[in-house]
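In what follows, a single structure is set out as structure tokens and then discussed.
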Amino acid sequence: MSTRLTKNLIELERDLVLSEVKERLNQGDDPMKIFEEGKRGMELVGEKYKNKEYFLAELMLSGDLFKEIMELIEPQLGEIKTEGNVKGKIILATIQGDIHDLGKDILATLLKMEGFEVYNLGVDVNPDIIVEKVKEIQPDFLGFSSLLTITFDPMKEVIDKLKETGIRDKLKILVGGGITTPLVKDYIGADFQTIDAMEGVQYCLETVKAKVTIKARGGI
Ligand code: B12
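What follows is the structure in structure tokens.
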């Protein structure tokens, strides 16, 4: 995908990017399409950083710009479902050492739109706090957003602790974020991995639906 929006984002042309987003939203363009083009731009900024063409300053500028795009897009994505219609509870966190939150926050919005109750613990979250929150909230899902390799061990630590306390099997655990792969899922002991927030939402919806079907058939 190579669009004007993606190109202008990579070049950090803030005014051009924001005016295009506003114009396209006014014309009724699909906000998720705009989002995907922005996400692609962020991947390419990441490549430039890796190749030492860009430095931390550019990463920061791109992050701020993407946030501004999201602020324009989010109100157009749809209605946040209100209480009384809760499909399930999910805790989201970016674990200790990692402060990336753009992907986690879009996932939180999409889940709320589908009627999930979202407990967004934020970034740089201590593993023990996550374990405590799982005990307290007893969610159906726990979602880790991971953008740094150094997060794999602390995420595994959380899951190991949940196993030790016997509550691991009471919830499904998802992991996502640009650097994650199925191998990461296996290593940390999660149930599902994706680099696409919509796939994560779909997984949660299908899991909840399967649970309801089992209950209706007289199962657990
Ligand atoms: C923007 C950015 C930053 C910003 C973050 C701003 C913010 N508020 O989040 C800032 C400047 C803070 C930053 C800092 C750093 N960054 Co940085 N950053 C990026 C960049 C360019 C984009 C990330 C992003 O937001 N993408 C857009 C979002 C929407 O995509 P996403 O997160 O993948 O989320 C989507 C899906 O994955 C999914 N998803 C995400 N989470 C979850 C969770 C679940 C449960 C599910 C189901 C789905 C899901 O949903 C989203 C929508 O589809 C990436 C490059 C890349 N390829 O990702 C590097 C990148 C992640 N950063 C990197 C690095 C090295 C750093 C620094 C260490 C740099 C430094 N020297 O200080 C610091 C680390 C700071 C820290 N302690 O966390 C590396 C990581 C390498 C590695 N393997 O560990 C990357 C990959 C760049 C690179 N190629 O080298 N960064």
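In terms of my numbering, the sequence shown has 1059 at position 19, counting the first letter as 1, and numbering is strictly consecutive.
Glycine residues also receive a C-beta, built at the ideal position from the N, C-alpha and C atoms.
Opposing strand residues paired with residue i [DSSP bridges]
i: SER1185; result: GLY1216
i: THR1234; result: GLY1216
i: LEU1132; result: ASN1160 and GLY1183
i: VAL1165; result: ILE1135
Nearest-angstrom Cα separation, counted from residue j out to residue i
i: GLU1197; j: THR1205; result: 12 Å
i: GLU1060; j: PRO1071; result: 12 Å
i: GLU1154; j: PHE1192; result: 28 Å
i: LEU1056; j: MET1195; result: 39 Å
i: ILE1050; j: GLU1176; result: 42 Å
i: THR1043; j: ASP1141; result: 24 Å
i: GLY1216; j: GLY1258; result: 33 Å
i: LYS1107; j: GLN1233; result: 24 Å
i: ASP1209; j: LYS1092; result: 43 Å
i: ASP1062; j: LEU1202; result: Looking at the sequence shown, residue 1062 is not Asp but Lys. The alpha-carbon atoms of LYS1062 and LEU1202 are separated by roughly 45 Å.
i: SER1102; j: THR1220; result: 21 Å
i: GLN1116; j: ASN1160; result: 21 Å
i: ASP1226; j: LEU1211; result: 16 Å
i: VAL1163; j: ILE1190; result: 14 Å
i: TYR1089; j: VAL1158; result: 32 Å
i: VAL1224; j: ARG1080; result: 22 Å
i: VAL1248; j: LYS1073; result: 27 Å
i: LYS1047; j: ASN1125; result: 41 Å
i: GLU1111; j: ARG1054; result: 14 Å
Proximity of residue i and residue j at Cβ, strictly below 8 Å
i: GLY1218; j: GLU1087; result: no
i: LEU1214; j: ASP1231; result: yes
i: ASP1236; j: LEU1188; result: no
i: LEU1065; j: VAL1085; result: no
i: ILE1113; j: PHE1075; result: yes
i: GLY1078; j: LEU1045; result: yes
i: ILE1228; j: VAL1174; result: no
Whole-angstrom C-beta distance between residue j and residue i, which should lie under 8 Å
i: LEU1052; j: LEU1105; result: 7 Å
i: SER1185; j: GLY1118; result: Between GLY1118 and SER1185 the Cβ distance is about 21 Å, and since that is not below 8 Å, they are no contact.
Any non-hydrogen atom of the ligand SAH closer than 7 Å to residue i Cβ
i: TYR1089; result: The model on display carries the ligand B12 but not the ligand SAH.
Exercise. Any contact of the stretch 1179 to 1194 with the stretch 1124 to 1131, i.e. 3+ C-beta pairs under 8 Å?
Worked result: yes
For this session: Please determine if the stretch 1235 to 1254 and the stretch 1140 to 1157 are in contact, where contact requires at least 3 C-beta pairs separated by less than 8 Å.
Result: Taking a cut-off of 8 Å on C-beta distances, the stretch 1235 to 1254 touches the stretch 1140 to 1157, as three or more cross pairs fall below it.
Exercise. Three or more C-beta pairs closer than 8 Å, one from the stretch 1150 to 1169 and one from the stretch 1241 to 1256: is that the case here?
Worked result: yes
Problem set entry | Contact the stretch 1252 to 1259 vs the stretch 1158 to 1173: 3+ CB pairs below 8 Å | Result no; under three Cβ-Cβ pairs closer than 8 Å.
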